[in-house]
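Undergrad: Structure below; questions to follow.
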Amino acid sequence: TVITINGIDFPNGLNNQTIGGLSWTSSPGNFQQKTVAGYTGVGITGGRTGDEIDIEEFLTATSASFPFWVPSFTLGVLFDGPEFDDVQEVAQVTIVSLSQGTKVFKLTNTYDAIIPPDTASWTGFGTVTNLSPSTGAGGAVWKITNPFGSINDITSIEFTALTG
Amino acid sequence: SDFTLVQLQYEPVP
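Respectively, the protein sequence lines represent chains A and B. Taking this note's numbering, the leading residue of the first sequence gets 503, the next gets one more, and so forth. Taking this note's numbering, the leading residue of the second sequence gets 37, the next gets one more, and so forth.
Below, the structure written as structure tokens:
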């Protein structure tokens, strides 16, 4: 049975909460929802932006009782440069697998002068789909399907930002 | 760089 956890499920202002059967923590700030172009994601208070997962901020989900497989995850407001005078943004995703240990992956929104297509590169498995474009009016939303391939003994997953 | 988590799907493995 696939369980879906959405950004709107995170209570603003907390930093440690069981949501959808996983233990979620944020550090060093607290959960903070942000809605852009109709997509609500959870970020973390403090840092460069007060409502996104910034460099040196970490959102982590841990399972103490069972390992799991990840059918998909979706990230928002991962832009690629000129919309907000920003860089090609990079998300780092780290998993801990019982059989394979710690594995680190990156999602980079690669700049496209003309969109569509709007593209991003993922160092893991599966496919990358753009759900909302990387434009000033868009949400720069990316869905990664089957991101870790057949790894099905994951016990934690952590999201943080890298320098773009 | 900065972003939000919009959704995570997982499936427990017995």
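Note that CB positions come from ideal geometry on N, CA and C, so glycine has one too.
Using the Cα positions of A/L524 and A/D553, report the straight-line distance between them to the nearest angstrom.
TA: 21 Å
Undergrad: Please name the residue in A/G549, A/G531 and A/I659 whose C-alpha comes closest to that of A/G603.
TA: A/I659
Undergrad: A/N632 lies in the beta strand (DSSP E); which residues open and close that run?
TA: T629 to S634
Undergrad: May I ask which residues mark the beginning and end of the beta strand (DSSP E) holding A/N676?
TA: In the structure displayed, chain A extends from 503 to 666; residue 676 of chain A sits before or after that span and is not available.
Undergrad: So if I threshold CB-CB distances at 9 Å, which residues from the stretch 597 to 609 of chain A count as touching chain B?
TA: L609
Undergrad: Determine, using beta carbons only, whether A/G666 comes closer than 9 Å to chain B.
TA: Proximity of A/G666 to chain B, defined by a Cβ-Cβ separation below 9 Å, is satisfied.
Undergrad: Excluding sequence positions up to five away, which residues of its chain have a Cβ less than 7 Å from the Cβ of A/T657?
TA: T564, S565, P569, V598 and L600
Undergrad: Where A/T527 and B/Q43 are concerned, what is the direct C-alpha to C-alpha distance, given to the nearest angstrom?
TA: 15 Å
Undergrad: Can you list, in chain order, the stretches of the beta strand (DSSP E) that have 3 or more residues and sit fully within the stretch 520 to 602 of chain A?
TA: 524 to 529, 533 to 538, 541 to 546, 560 to 564, 570 to 578 and 592 to 599
Undergrad: Comparing the C-beta of A/S565 with each C-beta of chain B, is any distance below 9 Å?
TA: yes
Undergrad: Taking 9 Å as the cut-off, decide whether the C-beta atoms of A/F560 and A/P649 are in contact.
TA: no
Undergrad: When DSSP builds the beta bridges, which residues end up paired with A/I646?
TA: Paired residue(s): A/F575 and A/V630.
Undergrad: Which partner residues of A/Y613 appear in the DSSP bridge assignment?
TA: Bridge partners of A/Y613: none, in fact.
Undergrad: Check this for me: beta carbons of A/Y541 and A/V643, under 9 Å apart or not?
TA: yes
Undergrad: If contacts are defined as beta-carbon pairs under 8 Å, then A/G531 and A/T547 qualify, I think. What distance do you get, rounded to the angstrom?
TA: Between A/T547 and A/G531 the Cβ distance is about 4 Å, and since that is below 8 Å, they are a contact.
Undergrad: Could you spell out the range, first to last residue, of the beta strand (DSSP E) harbouring A/L664?
TA: Unbroken beta strand (DSSP E) run through A/L664: I656 to L664.
Undergrad: Would you say A/A593 and A/A663 are within 9 Å of each other, going by their C-beta atoms?
TA: yes
Undergrad: Could one say the Cβ of A/L516 lies closer than 9 Å to chain B's Cβ atoms, at least one of them?
TA: no
Undergrad: What is the DSSP secondary structure of A/D620, counted as helix, strand or coil?
TA: A/D620 carries a coil assignment under DSSP once its states are collapsed to helix, strand and coil.
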